[in-house]
Amino acid sequence: MKFKLIALAIIGLIVSSCSQTKSVLEVTTFKTKSLDNIAVFNKLDAEIEANFTAKQPGFIKRQSGINENGEYVVLVYWETLENSKASIDKFMANPSVADYASMIDEASMKMSRYNIDNNFNAAHSNFVEVMSFKTKADINMNAFNKTNKRVEKGFTSKQDGFLQRITGVNENGEQIVVVYWDNKSHSDAALQPFMNNKISKEFMDMMDQSSIWMGRYQKIKPELEY
4 MKFKLIALAI IGLIVSSCSQ TKSVLEVTTF KTKSLDNIAV FNKLDAEIEA
54 NFTAKQPGFI KRQSGINENG EYVVLVYWET LENSKASIDK FMANPSVADY
104 ASMIDEASMK MSRYNIDNNF NAAHSNFVEV MSFKTKADIN MNAFNKTNKR
154 VEKGFTSKQD GFLQRITGVN ENGEQIVVVY WDNKSHSDAA LQPFMNNKIS
204 KEFMDMMDQS SIWMGRYQKI KPELEY
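Quick note: the sequence shown uses this note's numbering, first residue 4, plus one each step.
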């Protein structure tokens, strides 16, 4: 009986450890060289996802979006950092992605990888907000992490159209917050109340204001454009 209890305890520890394993969110933003061929680029983007990225080891989910200024974001979830890095190496050397890559303004491209604890479950999202920033140098990170969670529980998750909020941090200590919505209207409606909310103000006050970047993107649906 004692041996059985020990075995069950070990299994429990293994399950707990697995459930807490971090995955990786790869965030890439860029502009295309021209806004005259967005429909063509969006079609190529869908082909890249289906024919290349989704076939790479460790792939979980990929979602692309575009904002009102024609700027793109590509969010890719991977099981490990190694999976993400290996995919990029293959991507750069793969001739099948040449047409897609040639349409991107390389000078505008930025990419970072973040360790996250969340499992993606917002497949029906049509609009996403992406925010990155660094915390102030004197901020207690335990206090920051608690406040970060309070933002979701106390405000964001209560808003109409909210689907999921994902947070993470990269190797340079830069934080990421990704919020998935069912549509842009609900995201728009939540913006001003967020800025006026007490918890949100406390959260924002912990940030290095000069490091804050935010983008809001409509999900690409190339099948609707052809």
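All C-beta atoms, glycine included, are put in the ideal place defined by N, C-alpha and C.
Give me the DSSP bridge partner(s) of residue i.
i, result
"residue 138", "210"
"residue 34", "74, 108"
"residue 115", "30"
"residue 264", "The requested residue 264 is not part of the displayed model; the chain covers only 4 to 229."
For a test of the three-state rule: what should DSSP assign to residue i, helix, strand or coil?
i, result
"residue 71", "coil"
"residue 132", "strand"
"residue 110", "strand"
"residue 55", "coil"
"residue 143", "coil"
"residue 89", "helix"
"residue 64", "strand"
"residue 41", "helix"
"residue 25", "coil"
"residue 224", "coil"
"residue 50", "helix"
"residue 218", "strand"
"residue 120", "coil"
"residue 125", "coil"
Does the beta-carbon distance from residue i to residue j come in below 8 Å?
i, j, result
"residue 103", "residue 48", "yes"
"residue 80", "residue 123", "yes"
"residue 99", "residue 30", "no"
"residue 27", "residue 84", "yes"
"residue 139", "residue 211", "yes"
"residue 38", "residue 61", "no"
"residue 169", "residue 121", "yes"
"residue 33", "residue 108", "yes"
"residue 166", "residue 183", "yes"
"residue 163", "residue 192", "yes"
"residue 158", "residue 130", "no"
"residue 105", "residue 56", "no"
Can you confirm whether residue i, when its beta carbon is compared against all beta carbons of chain B, has any partner nearer than 8 Å?
i, result
"residue 32", "Protein chains in the displayed structure number just one, and chain B is not present."
Tell me whether residue i counts as near the ligand MG, meaning its Cβ is closer than 7 Å to at least one heavy atom of that ligand.
i, result
"residue 64", "As far as ligands go, the structure on display features none, and thus does not contain the ligand MG."
Beta strand (DSSP E) runs contained entirely in the segment 146-210, provided each spans 3 or more residues: 165-172, 178-184
Would you call the segment 206-223 and the segment 55-65 in contact, with 3 or more CB pairs under 8 Å? no
Is the number of C-beta pairs between the segment 90-107 and the segment 147-164 that are closer than 8 Å three or more? no
Please determine if the segment 167-185 and the segment 128-140 are in contact, where contact requires at least 3 C-beta pairs separated by less than 8 Å. yes
contact_flag[the segment 184-203, the segment 142-149] where n(CB pairs < 8 Å) is 3 or more: no
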